[in-house]
Amino acid sequence: MAMKFEKIGDGKYMLDVCGYVCPHPQIYTKKSLEKIDEGDILELVFDNPSSGETIIQMIDQGGHDLLEKKEEGGKLIYIIEKG
Amino acid sequence: MENIEKRNQLWAFIVTGALILISLLYYSSNIYYIYLIVYIWFGVAYGMMLQYGRFCMASASRDLFAAGVPRMAVGVLIALIFFSLVSVVLAATNMSTFHAGPLGTHELIGGIIFGVGMVLAGGCASGSLYKIGEGNGTSILSIMGISFGQAIFVDVGGIFNKLLPQSWIDAAQATTWVPKDKITSWFDHYFLGNIVFKKNIILSDTGAFSGMSGDIARNFFANSLINTIIPTIMVLFAIYYFFMRKGHLKRVKKALKKEGKEQKTGLGDELRGMWNMITASERTTLMGVLIGITAGIHILAMKGMQNKFGISNFGELLARMGHHEDLSTMGKIFDPGYWYITTQEAQFAGWIMDKVGWDVKDDVFFGVMNGLPELWRNPALWMSVGIIFGAMIMSLLNKEFKWKLPKGELIVWGLGGGLLMGVGARVALGCNIGAFFIRVAGGDPGGWLFGIGMVIGGYGGVRFFNWWTDRKMAKEMEAF
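Same order as they appear, the protein sequences are chains A and B. Take the position in the first sequence, starting the count at 1, then add 237; the result is the number in this note's numbering. Take the position in the second sequence, starting the count at 1, then add 33; the result is the number in this note's numbering.
Written as structure tokens, this is what we have:
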């Protein structure tokens, strides 16, 4: 099992941490947001609902924007713009 | 999508129906099992609230240190305040089942070991149970680790006994209230030669408060205000000051600048910042309030039944029903009388070990104190089962249930973390619930020692995971 962090376009990145449980999704999300530039978009894909509440608060506190939040086939997808 | 929703709802009803059926079967077999049924349904209530509030004490310190998010630390502290207030009334009216624990550095040490374990495993003792209800396979491993870690730890002797000071061995062997053939393991000598000599303190019973008139006033002032509310508010201030204040004031000044006003902040802004921190995750804070009150009502219900049946331990009812083989030499089984995790998990593993021929009843933990009831007659274990199924019902209804088998590194973290939690829980004689939450709110200052240890251990676990994830991120980012 491995996490995936990929550049999927100009200023767009994808972090896939499906299969991971707490605390991995929140830690990888924090580190990914630290790596990308302000204004870049991070598409976060995870399937551990317990991590969601913490990630939302982390986005808010960090001054980032949660552009979209959706669920597809048991996976949670958050589209985040780094602020 | 609609089909999935309907299927989830159907499963939620099936699980609820199965629990009702189990309750009715027990009740029809003997009225005494109402005691066990109450444990099941409080377990279900805890499970539903824990899952809805994402309420896991591991994330209290972990998310604070790893992500700078205080939502769970706030939730736990809010629950603590409400639980302590309900506990005041229960204690003052002699309706409490709470008992203090031995006060000593073993709680700090046990808390540190437990804290590292809960971060590695991804959940505390009750958190791992509710996550099983979400279909999380890693949490199953962590509960297995907790269960077998404890059962083995309390029963092994031999070379491990040589690690203890001779004075502890001598003191344990001189014990007269325990049959000699039961003093065999490392834990037996640790417990009888050291821990039993430590004081059990409830603040309201100490000399400092003996002059106060009125049970409610004394209990409130000592146990709730001094031991719980004031330290809790101080911790809330510390979390705000170190983790939230800078960001909050920056946002306030930014807003003032935008409005063309002077960028000056005052006490009102600080208090608003505190309030924002407390209400940032409404569902966690709300569940904190409800869990605190429910934990208090649970004590009331258990004490009420003990009074009705004229008992102080479920073992007495098992004896009346003829199940003497379930009991310890003291005629008891483990029956905390409140929200508690870990000892029943040790009994679960001990039961399996016993069935495959490992004599676990030759020690103090199982043989003398907690007994080894059949799994289906273990009330506290039914509470744990209730937590799992309560969380499952809630996650099914919220479309959040998903089976996730543990793979790769998660197997190591789940099992290893669980084992550490098991060892830590036995060293401290309890987990994040029994050694921290219940004890602090009950007026036992020793609970804070476990809590401090848990935070230190949690910090260590986060440092380790930061190092680990940095390595993995660096590999992933080699390409760009």
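The C-beta atom is built at its ideal place from N, Cα and C for all residues, glycine as well.
Can you tell me which of the three DSSP states residue i falls into?
i: A/PRO262; result: helix
i: B/GLU433; result: coil
i: B/ASN233; result: strand
i: A/MET240; result: coil
i: B/PRO406; result: coil
i: B/ASN465; result: helix
i: B/ILE13; result: As displayed, chain B neither begins before 34 nor continues past 513, which places residue 13 of chain B out of reach and without an answer.
i: A/GLU318; result: strand
i: B/ASN169; result: strand
i: B/ILE263; result: helix
i: A/LEU313; result: strand
i: A/ASP274; result: coil
i: B/ASP238; result: helix
i: A/GLY224; result: In the structure as shown, chain A begins at 238 and stops at 320. Residue 224 of chain A is therefore absent and cannot be evaluated.
i: B/PRO412; result: helix
i: B/GLU358; result: helix
i: B/GLU140; result: helix
i: B/LYS505; result: helix
i: B/PRO478; result: coil
i: A/ASP302; result: strand
i: B/PRO369; result: coil
i: A/LYS307; result: strand
i: B/PRO212; result: coil
Taking residue i as part of the beta strand (DSSP E), name the residues at either end of that continuous run.
i: B/TYR163; result: B/TYR163 -> not in any beta strand (DSSP E); alpha helix (DSSP H) instead, spanning 158-165.
i: A/TYR250; result: 249-253
For residue i versus residue j, is the C-beta spacing smaller than 7 Å?
i: B/PHE347; j: B/TYR68; result: yes
i: B/MET90; j: B/ASN465; result: yes
i: B/GLU378; j: B/SER200; result: no
i: B/TRP372; j: B/ALA424; result: no
i: B/PHE242; j: B/ALA474; result: no
i: B/VAL393; j: B/PHE186; result: no
i: B/SER428; j: B/GLU167; result: yes
i: B/GLY479; j: B/GLY148; result: no
i: B/ARG87; j: A/SER287; result: yes
i: A/GLY311; j: B/LYS435; result: yes
i: B/LEU110; j: B/GLY450; result: no
i: B/ASN256; j: B/LEU236; result: yes
i: B/GLY383; j: B/ALA184; result: yes
i: B/VAL119; j: B/ILE326; result: yes
i: B/GLU35; j: B/LEU482; result: no
i: B/THR317; j: B/GLY155; result: no
i: A/LYS282; j: A/ASP247; result: Note on residue identity: the sequence assigns Val, not Lys, to residue 282 of chain A. Their beta carbons are not under 7 Å apart, which means A/VAL282 does not touch A/ASP247 by this criterion.
Taking the alpha helix (DSSP H) that residue i belongs to, which residues open and close that run?
i: B/GLU303; result: 300-312
i: A/VAL282; result: A/VAL282 -> not in any alpha helix (DSSP H); beta strand (DSSP E) instead, spanning 278-283.
i: B/GLU349; result: 347-353
i: B/LYS279; result: 278-291
i: B/TYR223; result: 219-226
i: B/PHE46; result: 35-62
i: B/ILE216; result: Here B/ILE216 belongs to no alpha helix (DSSP H), and DSSP marks it neither H nor E.
i: B/ASP392; result: It is not in any alpha helix (DSSP H) - B/ASP392 carries neither H nor E in the DSSP assignment.
i: B/ILE74; result: Inspection of the sequence shows that residue 74 of chain B is occupied by Trp rather than by Ile. Start and end: 67-85.
i: B/ALA112; result: 104-125
i: B/HIS331; result: 315-342
i: B/GLN199; result: 199-206
Would residue i be called buried (16 or more neighbouring beta carbons within 10 Å of its own) or exposed?
i: B/ALA133; result: buried
i: B/THR239; result: exposed
i: B/TRP409; result: exposed
i: B/ALA271; result: exposed
i: B/SER62; result: exposed
i: B/LYS291; result: exposed
i: B/PRO198; result: exposed
i: B/PHE46; result: exposed
i: B/VAL285; result: buried
i: B/PRO212; result: exposed
i: B/PHE230; result: exposed
i: B/VAL488; result: buried
i: B/ALA288; result: exposed
i: B/ILE263; result: exposed
i: B/TYR274; result: exposed
i: B/TRP415; result: buried
i: B/MET267; result: exposed
i: B/THR312; result: exposed
Practice prompt. Please confirm if the region 426-443 of chain B is in contact with the region 398-418 of chain B, defined as three or more CB-CB distances below 8 Å between the two stretches.
Written response: no
Discussion item. If contact is defined by three or more beta carbon pairs under 8 Å, each pair taking one atom from either stretch, is the region 161-175 of chain B in contact with the region 257-265 of chain A?
Written reply: yes
Worksheet item: Within the chosen definition, does the region 208-224 of chain B reach the region 66-81 of chain B through at least 3 CB pairs nearer than 8 Å?
Response: no
Worksheet item: Do the region 268-282 of chain B and the region 494-510 of chain B make contact, defined as three or more Cβ pairs closer than 8 Å?
Response: As far as the Cβ criterion goes, the region 268-282 of chain B does not touch the region 494-510 of chain B, which means the pair count is below three.
Worksheet item: Quick one: any contact between the region 244-251 of chain B and the region 116-128 of chain B, if contact means 3 or more CB pairs under 8 Å?
Response: yes
Discussion item. Under 8 Å: do the region 354-363 of chain B and the region 404-420 of chain B share three or more Cβ pairs, one atom per stretch?
Written reply: yes
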